[in-house]
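Novice: Residue numbering for the sequence shown follows the numbering used here, starting at 5 and increasing by one per position.
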Amino acid sequence: QKKSKKSSETLTFKRPEGMHREVYALLYSDKKDAPPLLPSDTTQGYRTVKAKLGSKKVRPWKWMPFTNPARKDGAMFYHWRRAAEEGKDYPFARFNKTVQVPVYSEQEYQMYLHDDAWTKAETDHLFDLARRFDLRFVVIHDRYDHQQFKKRSVEDLKERYYHICAKLANIRAAPGTDLKIPVFDAGHERRRKEQLERLYNRTPEQVAEEEYLIQELRKIETRKKEREKRTQDLQKLITAADTTTEQRRAERKAPKKKLPQKKETEKPAVPETAGIKFPDFKSAGVTLRSQRMKLPSSVGQKKIKALEQMLMELGVDLNPMPTEEIVQMFNELRSDLVLLYELKQAFANCEYELQMLRHRYEALAKAGSIGPLSVEGAHPDGQTGLGMEEGKGDTKDQIIDVVGAPLTPNSVRRKVGGAEQGALRSPTQMP
Numbered sequence: 005q006k007k008s009k010k011s012s013e014t015l016t017f018k019r020p021e022g023m024h025r026e027v028y029a030l031l032y033s034d035k036k037d038a039p040p041l042l043p044s045d046t047t048q049g050y051r052t053v054k055a056k057l058g059s060k061k062v063r064p065w066k067w068m069p070f071t072n073p074a075r076k077d078g079a080m081f082y083h084w085r086r087a088a089e090e091g092k093d094y095p096f097a098r099f100n101k102t103v104q105v106p107v108y109s110e111q112e113y114q115m116y117l118h119d120d121a122w123t124k125a126e127t128d129h130l131f132d133l134a135r136r137f138d139l140r141f142v143v144i145h146d147r148y149d150h151q152q153f154k155k156r157s158v159e160d161l162k163e164r165y166y167h168i169c170a171k172l173a174n175i176r177a178a179p180g181t182d183l184k185i186p187v188f189d190a191g192h193e194r195r196r197k198e199q200l201e202r203l204y205n206r207t208p209e210q211v212a213e214e215e216y217l218i219q220e221l222r223k224i225e226t227r228k229k230e231r232e233k234r235t236q237d238l239q240k241l242i243t244a245a246d247t248t249t250e251q252r253r254a255e256r257k258a259p260k261k262k263l264p265q266k267k268e269t270e271k272p273a274v275p276e277t278a279g280i281k282f283p284d285f286k287s288a289g290v291t292l293r294s295q296r297m298k299l300p301s302s303v304g305q306k307k308i309k310a311l312e313q314m315l316m317e318l319g320v321d322l323n324p325m326p327t328e329e330i331v332q333m334f335n336e337l338r339s340d341l342v343l344l345y346e347l348k349q350a351f352a353n354c355e356y357e358l359q360m361l362r363h364r365y366e367a368l369a370k371a372g373s374i375g376p377l378s379v380e381g382a383h384p385d386g387q388t389g390l391g392m393e394e395g396k397g398d399t400k401d402q403i404i405d406v407v408g409a410p411l412t413p414n415s416v417r418r419k420v421g422g423a424e425q426g427a428l429r430s431p432t433q434m435p
């Protein structure tokens, strides 16, 4: 009796037709509880429903004649169409779009359209061809009667046609209306075709020369941008040097008042215009004063090595005792040394560019494009410039380069490397 009661209490649900056993088992838990959601409609089961084709009656088709409204010869054709579409127009006739060519009267032609270079018969022939070939002027030019009329170019035909269209639009337009008058510039079209013809008829040597000139132009533009950037950097260095010098002079001339010294915690260690920007520790908390002497990451390794070398030559300790006064003076000294290093490097680069420009000027003078360079104006020390005897056989590469000198890349690298080595000298030995 107990077993029958338990079996009657448990609810059973038949697995829908077409559902896999594993999927059906996911609906129940381990305790065989009833699923939270049960399928309500299981009449069709979980099978793929097939399309029911052939349930409707087939629509009848009929072999019937038709005419194309786009044709004017009245030709009769036959094709299969549905019986319900009998008597309807040909559906593809709507794609027959024709150009609306204006029509003028005899009076309008004599009053507004008369031209001494064109007769009325020739104008009528042009407009007939325009209607026939839908303004395809290349075809119109090919079918033009050059035996009966004067020989015309495609630009002449276009110019005459659009001139008449603009005249008729102005005549027939109502007063105060905004017109969109077609304009054709025959001169511009002739020049364009002439330029294209010249471009097409170029020889391989001319194409190679043009590519060479384009490459040289790009080089010149690149060097011009680099020169402008170097000029801006040099101007910043000069401005920074002048500002730092003026500030130091003002500090020396300022009267010193005997007042109790106060700790200036928020005062920047170095002016903003100096060569190095040291970080300011304005956040709350305890910090080491030696952290203010740490060089920022913006200073490169070359500058750091040059700075250490100059400090060693001056006999200054690389890590002095970080008192308040020593930290400020040490940072100012290193900032001035970096600024001096950059100024020396910029001076060496400018001097090297001056030598290149002298060589370039002499090459142009030998080529005969400009006058010879005077020794007094070009060289104040009375010496001859570089390359006076060596540059007799200058090539086209040397003459076209208006920015750089005709030197090899290796020699340029050696010159720049020499300029950097010269900047590493003692700060007391100015070039």
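No residue lacks a Cβ here, since even glycine has one placed at the ideal position from N, Cα and C.
For H83, which residues in the same chain have their Cβ closer than 7 angstroms to its Cβ, ignoring the five residues on either side in sequence?
Specialist: F70
Novice: Quick one, are the C-beta atoms of N72 and Y108 less than 8 angstroms apart?
Specialist: no
Novice: Nearest to T102 by alpha carbon, out of R86, R135, L130?
Specialist: R135
Novice: M68 bridges to which residues according to DSSP?
Specialist: H83
Novice: Can the beta-carbon of K307 be found less than 8 angstroms from the beta-carbon of V342?
Specialist: Remark: C-beta atoms of K307 and V342 approach each other more closely than 8 angstroms.
Novice: Taking all protein chains shown into account, decide if M333 is buried (16 or more other Cβ within 10 angstroms of its Cβ) or exposed.
Specialist: exposed
Novice: List the DSSP bridge partners of D119.
Specialist: W122
Novice: What first and last residue would you give for the alpha helix (DSSP H) that runs through L30?
Specialist: That residue, L30, is in no alpha helix (DSSP H); it is neither H nor E in DSSP.
Novice: Is A177 helix, strand or coil by DSSP?
Specialist: Three-state result, A177: coil.
Novice: Between the region 182–199 and the region 160–170, are three or more C-beta pairs nearer than 8 angstroms?
Specialist: yes
Novice: Is it true that the CB of A87 sits closer than 8 angstroms to the CB of W441?
Specialist: An answer regarding residue 441 cannot be provided, because it is not within the stretch 5 to 435 covered by the chain.
Novice: To the nearest angstrom, report how far apart E328 and L311 are at their CA atoms.
Specialist: 22 angstroms
Novice: State the Cα-Cα distance for the pair L115 and A121, rounded to the nearest angstrom.
Specialist: Just to set this straight, residue 115 is Met in the shown sequence, not Leu. C-alpha separation (whole angstroms): 16 angstroms.
Novice: Could you tell me the distance, in whole angstroms, from the CA atom of R118 to the CA atom of A177?
Specialist: Per the sequence shown, residue 118 should be read as His rather than Arg. Approximately 20 angstroms, taken between the alpha carbons.
Novice: Go through its chain and collect everything with a Cβ distance to D138's Cβ below 7 angstroms, but skip five positions before and after it.
Specialist: T102, V103
Novice: Going by beta-carbon coordinates alone, are L130 and L161 separated by less than 8 angstroms?
Specialist: Cβ atoms of L130 and L161: closer than 8 angstroms.
Novice: Is L238 closer than 8 angstroms to A350 when the C-beta atoms are compared?
Specialist: Taking 8 angstroms as the Cβ cut-off, A350 and L238 qualify as a contacting pair.
Novice: When the Cα atoms are used, what is the spatial distance from D205 to L217?
Specialist: Per the sequence shown, the amino acid found at residue 205 is Asn instead of Asp. Approximately 19 angstroms, taken between the alpha carbons.
Novice: Leaving out five residues before and five after I175 in sequence, what residues of the same chain have Cβ atoms less than 8 angstroms from its Cβ?
Specialist: Taken in chain order, the residues that qualify are E112, Y116.
Novice: Between the alpha carbons of S157 and Y365, how many angstroms are there, rounded?
Specialist: A straight line joining the alpha-carbon of S157 with that of Y365 spans about 52 angstroms.
Novice: Helix, strand or coil, according to DSSP, for V150 in the structure here?
Specialist: It is worth fixing the name first, because residue 150 is His in this sequence and not Val. Residue state, collapsed to three classes: coil.
Novice: Does L139 come out as helix, strand or coil in the three-state DSSP assignment?
Specialist: coil
Novice: Count the other CB atoms within 10 Å of the CB of M316; is the residue buried (16 or more) or exposed (fewer)?
Specialist: M316 sits exposed, since fewer than 16 C-beta atoms from the chains shown fall within 10 Å of its C-beta.
Novice: List the endpoints of the continuous alpha helix (DSSP H) containing N335.
Specialist: That run of the alpha helix (DSSP H) goes 328–371.
Novice: Between which two residues does the alpha helix (DSSP H) carrying E89 extend?
Specialist: Counting along the chain, E89 falls outside any alpha helix (DSSP H), and DSSP gives it neither H nor E.
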